[in-house]
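*Asks:*
There are 2 protein chains.
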Amino acid sequence: MSEEGQLKEAISTLKETGVRITPQRHAILEYLIDSMAHPTADDIYKALEGKFPNMSVATVYNNLRVFREVGLVKELTYGDASSRFDFVTTDHYHVICDGCGKIVDFHYPGLDEVEQLASHVTGFKVNNHRMEIYGTCSDCSTKETH
Amino acid sequence: MSEEGQLKEAISTLKETGVRITPQRHAILEYLIDSMAHPTADDIYKALEGKFPNMSVATVYNNLRVFREVGLVKELTYGDASSRFDFVTTDHYHVICDGCGKIVDFHYPGLDEVEQLASHVTGFKVNNHRMEIYGTCSDCSTKETH
DNA sequence: TACACTATTTATAAAGATTATAAAATAATA
DNA sequence: TATTATTTTATAATCTTTATAAATAGTGTA
Numbered sequence: 126m127s128e129e130g131q132l133k134e135a136i137s138t139l140k141e142t143g144v145r146i147t148p149q150r151h152a153i154l155e156y157l158i159d160s161m162a163h164p165t166a167d168d169i170y171k172a173l174e175g176k177f178p179n180m181s182v183a184t185v186y187n188n189l190r191v192f193r194e195v196g197l198v199k200e201l202t203y204g205d206a207s208s209r210f211d212f213v214t215t216d217h218y219h220v221i222c223d224g225c226g227k228i229v230d231f232h233y234p235g236l237d238e239v240e241q242l243a244s245h246v247t248g249f250k251v252n253n254h255r256m257e258i259y260g261t262c263s264d265c266s267t268k269e270t271h
Numbered sequence: 126m127s128e129e130g131q132l133k134e135a136i137s138t139l140k141e142t143g144v145r146i147t148p149q150r151h152a153i154l155e156y157l158i159d160s161m162a163h164p165t166a167d168d169i170y171k172a173l174e175g176k177f178p179n180m181s182v183a184t185v186y187n188n189l190r191v192f193r194e195v196g197l198v199k200e201l202t203y204g205d206a207s208s209r210f211d212f213v214t215t216d217h218y219h220v221i222c223d224g225c226g227k228i229v230d231f232h233y234p235g236l237d238e239v240e241q242l243a244s245h246v247t248g249f250k251v252n253n254h255r256m257e258i259y260g261t262c263s264d265c266s267t268k269e270t271h
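Line by line, the protein sequences are chains A and B.
Last residue of the first sequence: 271 (this note's numbering), numbering continuous.
Last residue of the second sequence: 271 (this note's numbering), numbering continuous.
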């Protein structure tokens, strides 16, 4: 789907859930969809301060929580200080560079088998799983050898 | 291996690396090995304040970092506020209850295949991966139905 | 065992991310 | 357009983690 299509669909989702569409929410969604990075709340705040000089950081956090609760956004927590936020499109995993922190999307068929086994062994009703892969991206590999 | 054996081996590892054995380090290691929970730094701090009334939180954090650097301990970051720390025994994954937060260990052969594909597709030199499984434990399931 | 050297602990403050609060502004709806 | 509940803003508070410097204590050696 096009990015405009994604935005429209996201806005529909919000309307259906009774969440008001404010300019700030519109802009945050747009930024999340357009940016292929996986920004932190502060990244978003900084990126939009030109457009919304008076916007509060709390607004960014509040809305990211709203989006997360509605299922539009996933919150990613890695070892570092702050969470990253990812607009939910289709199921994919992340490959993360230990050197520069770059995050690359990586599609892989769902690991249903793992979930089933886990459920069987632990007695849990399994809902979902998360997986990340860590390594060194080619840029960083090149730098290392020089 | 017995818990005492694990502790002895951990202390050997520290000695080999030139890390001094202090009573605080001994106690933190012991607590990590004995407790099957996956405690936060604050959990450890609180658990040991009876034995070490003057111990500083910084000591707990410092030592957890030392242990991590030496490879004795893994730091786990989930969505919530603080990291959890896990004494490294053998490779395993975690199954986490969405209801009560309980963490259960789950053994599963390494997902080498995923790493290989990720490496191929993204051009990364893949080092490792992490995976967690989320669901509802049987205790919480029982409560829900009542 | 006592000494000397350096790592470690403590106490404290600082930094950084996130959340809480209350007043002002505004989107949705009739 | 008027109303009302939601949202934004501004600010402060909270919580986790790290930095700093002085005091303390492990460890190897004589």
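Cβ atoms here follow ideal geometry from the backbone N, Cα and C, with glycine treated the same way.
Note that the structure is predicted; figures quoted are calculated from it, not measured.
Answer with buried or exposed for A:ILE146, where buried requires no fewer than 16 other C-beta atoms within 10 angstroms of its C-beta.
*Replies:* Exposed is the call here.
*Asks:* Suppose the cutoff is 8 Å on Cβ atoms and the five residues either side in sequence are ignored; what does the same chain contact list for A:ALA152 look like?
*Replies:* Counting only Cβ-Cβ distances below 8 Å, and skipping sequence neighbours, we find LEU173, LYS176, PHE177.
*Asks:* With 16 other CB atoms within 10 Å as the buried threshold, where does A:PRO313 fall?
*Replies:* For chain A, the structure presents residues 126 to 271; residue 313 of chain A sits outside this window and is missing.
*Asks:* Write down every uninterrupted run of the beta strand (DSSP E) in the segment 147-225 of chain A whose length is 3 residues or greater and which is fully enclosed by it, in chain order.
*Replies:* With a minimum length of 3 residues, the continuous beta strand (DSSP E) runs that stay inside the segment 147-225 of chain A are 198-201, 209-212, 218-222.
*Asks:* What first and last residue would you give for the alpha helix (DSSP H) that runs through A:LYS140?
*Replies:* It spans 128-141 - the alpha helix (DSSP H) in which A:LYS140 sits, taken as one unbroken run.
*Asks:* In or out: A:ARG190 buried (at least 16 other Cβ within 10 Å) or exposed?
*Replies:* Its Cβ having fewer than 16 others within 10 Å, A:ARG190 is exposed.
*Asks:* Taking the alpha-carbon positions, what's the A:ARG150 to A:SER208 distance?
*Replies:* Using only the alpha carbons, I get a separation of about 19 Å.
*Asks:* Considering only their Cβ atoms, is the gap separating A:LEU197 from A:ALA135 smaller than 7 Å?
*Replies:* Result yes, Cβ atoms of A:ALA135 and A:LEU197 sit closer than 7 Å.
*Asks:* Do the segment 154-161 of chain A and the segment 243-255 of chain A meet, that is, are 3 or more Cβ pairs less than 8 Å apart?
*Replies:* Contact between the segment 154-161 of chain A and the segment 243-255 of chain A is absent, because fewer than three Cβ pairs lie under 8 Å.
*Asks:* Against chain B, does A:SER263 count as a neighbour if the rule is that its beta carbon must be under 7 Å from one of theirs?
*Replies:* It does; some Cβ of chain B falls within 7 Å.
*Asks:* I'd like to check one pair, A:ASP223 with A:THR267: are the Cβ atoms closer than 7 Å?
*Replies:* Going by C-beta atoms, A:THR267 is not nearer than 7 Å to A:ASP223.
*Asks:* Looking at B:VAL220 and B:ILE258, is the spacing between their C-beta atoms short of 7 Å?
*Replies:* Yes, they are a contact pair.
*Asks:* Cα separation between A:PHE225 and A:SER263?
*Replies:* Looking at the sequence shown, residue 225 of chain A is not Phe but Cys. When rounded, the distance between both Cα atoms is 11 Å.
*Asks:* I want to see whether chain B comes within less than 7 Å of A:HIS254, judged by CB atoms only; does it?
*Replies:* At least one chain B Cβ lies under 7 Å of A:HIS254.
*Asks:* Taking only beta-carbon positions, decide if A:ALA243 is within less than 7 Å of chain B.
*Replies:* Yes, contact with chain B.
*Asks:* From the DSSP output, which residues share a beta bridge with B:ASN253?
*Replies:* Answer is A:TYR259, bridged to B:ASN253.
*Asks:* If contact means a Cβ-Cβ distance below 7 Å, which residues of the segment 165-178 of chain A contact chain B?
*Replies:* Under the 7 Å Cβ criterion, the segment 165-178 of chain A contributes no residue.
*Asks:* Once DSSP output is grouped into helix, strand and coil, what is the label at B:VAL246?
*Replies:* Looking at B:VAL246 - three-state DSSP - the assignment turns out to be helix.
*Asks:* Could you check whether B:VAL185 and B:TYR170 sit closer than 7 Å to each other, using their CB atoms as the reference points?
*Replies:* Cβ distance < 7 Å, so B:TYR170 and B:VAL185 count as in contact.
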